[in-house]
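For the working numbering, count along the sequence shown from 1 and bump the result up by 1.
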Amino acid sequence: MKLSEILNGVSKVGITGHIRPDGDCVGSVLGLYNYISENMPDIKADVYLEEPGSEFGYIKNMDAVKNSPEDVVYDVFFVLDCSSKDRIEPFAQCFDAAKKTVCIDHHVSNQGFADISMIEPEASSTCEVLYKTMDADRISRSVAECIYTGIIHDTGVFKYSCTSKTTMAVAGEMMEKGIDYTDIIDNSFYAKTYVQNQILGRALLESVVFYDGKCIFSVVTQREMEFYGVTGRELGGIVEQLRLTDGVEVAIFMYEVGEDEYKVSMRSKKQIDVAAIAAEFGGGGHVRAAGYTARGTVHQIINCIGELIEKQYNAM
Ligand code: AMP
Ligand code: MN
Ligand code: MN
Numbered sequence: 002m003k004l005s006e007i008l009n010g011v012s013k014v015g016i017t018g019h020i021r022p023d024g025d026c027v028g029s030v031l032g033l034y035n036y037i038s039e040n041m042p043d044i045k046a047d048v049y050l051e052e053p054g055s056e057f058g059y060i061k062n063m064d065a066v067k068n069s070p071e072d073v074v075y076d077v078f079f080v081l082d083c084s085s086k087d088r089i090e091p092f093a094q095c096f097d098a099a100k101k102t103v104c105i106d107h108h109v110s111n112q113g114f115a116d117i118s119m120i121e122p123e124a125s126s127t128c129e130v131l132y133k134t135m136d137a138d139r140i141s142r143s144v145a146e147c148i149y150t151g152i153i154h155d156t157g158v159f160k161y162s163c164t165s166k167t168t169m170a171v172a173g174e175m176m177e178k179g180i181d182y183t184d185i186i187d188n189s190f191y192a193k194t195y196v197q198n199q200i201l202g203r204a205l206l207e208s209v210v211f212y213d214g215k216c217i218f219s220v221v222t223q224r225e226m227e228f229y230g231v232t233g234r235e236l237g238g239i240v241e242q243l244r245l246t247d248g249v250e251v252a253i254f255m256y257e258v259g260e261d262e263y264k265v266s267m268r269s270k271k272q273i274d275v276a277a278i279a280a281e282f283g284g285g286g287h288v289r290a291a292g293y294t295a296r297g298t299v300h301q302i303i304n305c306i307g308e309l310i311e312k313q314y315n316a317m
């Protein structure tokens with residue numbers, strides 16, 4: 002379904018994405034916001050998101066992002082890159098009050114919680130799905146920067162198995178809009194602050210392999226995060242480095258968010274369905290990249306994940 006169809010006769014639109022917004026979330030949310038504000042001047046749009054990282058500072062209209070919900074009844078409320086309603090807190094009140102809700106996403110775990118769902122699990126990113134809802138000739142350079150950002154983040158710069166011929170074609174079209182793709186990749190994806198590199202080094206140093214070297218895990222505690230002065234959002238990329246370890250099939254990275262509470266990230270290479278494991282614990286994601294919030298000690302959490310990994314291997 003095209004945006005022009007959904008937005009025909011509409012005057013108030015709200016847009017949000019998931020908590021702890023990543024590149025695909027920021028890219029799709031701001032991409033949609035910019036597309037509407039540039040092409041549909043009669044529509045008043047609001048954009049809600051938890052404060053995005055400074056690496057996305059090049060994206061147009063970042064300063065329009067509202068961090069707390071407002072008491073507005075939207076004609077249409079969009080939720081992007083989000084597999085379940087509980088991940089849009091604290092903006093669920095805007096969703097509940099809206100006359101019509103639309104979800105654009107690519108998570109296999111998405112059950113379709115909105116009035117209109119456009120979910121393509123085989124798409125690399127929400128940005129790739131979003132692109133199809135737009136008219137190609139109305140995509141500006143600033144919208145192209147957003148879409149390209151989402152694609153490179155969710156494909157790990159075109160290397161994960163979710164990357165398809167369509168992904169490359171859409172990225173190519175975005176390049177034709179005159180974006181500085183080298184800068185976008187370097188500055189939003191690869192660049193790390195000094196402390197990010199330090200904590201990455203520490204997490205690698207203290208990582209533990211188990212299950213005959215097929216699995217690896219590492220943990221960062223709140224004390225360590227305070228010591229280095231980093232937030233959970235700045236720890237992205239650690240799990241990817243763990244995954245690259247020779248012989249490893251599953252990488253697990255977690256950071257402490259409270260007493261006996263951890264944000265768990267899992268990545269796999271070719272065999273293990275980590276989305277299925279995350280789903281067992283109330284989380285979600287994709288076959289090769291998934292996460293959830295876990296309760297318990299590190300050992301309990303790793304044991305639970307380990308059992309499910311073993312089950313999957315035994316069923317092969
Ligand atoms: P992360 O490890 O946080 O980078 O997440 C990997 C993938 O799993 C992303 O596509 C997330 O959207 C998804 N994901 C992470 N945590 C959750 C969760 N608690 N519930 C549903 N999906 C999640
Ligand atoms: Mn995301
Ligand atoms: Mn995504």
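Backbone N, C-alpha and C define an ideal beta-carbon position, used for all residues, glycine too.
A straight-line Cα-Cα distance of about 21 Å links I273 and F159. Relative to ligand 3, even the nearest heavy atom lies 8 Å or more away from the CB of C147. In the structure shown, A124 falls within a coil segment according to DSSP collapsed to helix, strand and coil. At least one heavy atom of ligand 3 lies less than 8 Å from the C-beta of S126. A distance of 9 Å or more separates the beta carbons of C305 and G292. Beta-bridge partners of V251 (DSSP): C216 and S269.
According to DSSP, Y149 shares a beta bridge with no other residue. Assignment of beta-bridge partners to I16 by DSSP yields V48 and F79. For D23, the shortest separation between its Cβ and any heavy atom of ligand 1 lies below 8 Å. Residue pairing from DSSP places Y256 in a beta bridge opposite V221 and K264. Not a single heavy atom of ligand 1 lies less than 8 Å from the C-beta of T156.
Nearest to N40 by C-alpha distance, out of Y229, L4 and F57, is L4.
Taking the C-beta atoms as reference points, N62 is found nearer than 9 Å to S38.
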